[in-house]
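Heads up: the sequence shown begins at 1 in my numbering, then just goes up one per residue. Ideal Cβ positions, reconstructed from N, Cα and C, are used throughout, including at glycine. Every value quoted in this text rests on a predicted model; they were computed, and no experiment measured them. As structure tokens, the structure follows; a few thoughts come after it.
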Amino acid sequence: MSNNRDAFTADGANKLAKRIMAHWWGLGYDVDVWAEPVRVPLRHRDQLVYQVRSDMVNGMPVRRMAAVKGL
């Protein structure tokens, strides 16, 4: 990402979510990662930004690929 603020847009947050999923997939883990909108209050109006969420616990995946495939 050329601009760190891009992660706060819908497109940027979705791209980041896909990068995170691909990283863990490559290491043999299945993680759910998604972007969701959040309203941030400003002085005169609210601003919509996006945050990246996941099913990981303390930043670590909870399922290996073998568990997902039933092996």
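Check, Outcome
"Whole runs of the beta strand (DSSP E) within the stretch 25 to 61, excluding any shorter than 3 residues", "33 to 41, 46 to 54"
"Strand pairing of R64, partner residues [DSSP]", "Y29"
"Same chain, Cβ closer than 8 Å to Y29, neighbours up to 5 away in sequence not counted", "P61, R63, R64, M65"
"Exposure label - V57; buried when at least 16 CB within 10 Å", "exposed"
"For M1, three-class secondary structure by DSSP", "Per-residue confidence for M1 stands at a pLDDT of 44, beneath the threshold of 50, marking its modelled position as unreliable; the derived number appears in the next sentence. M1 falls in the coil class under three-state DSSP."
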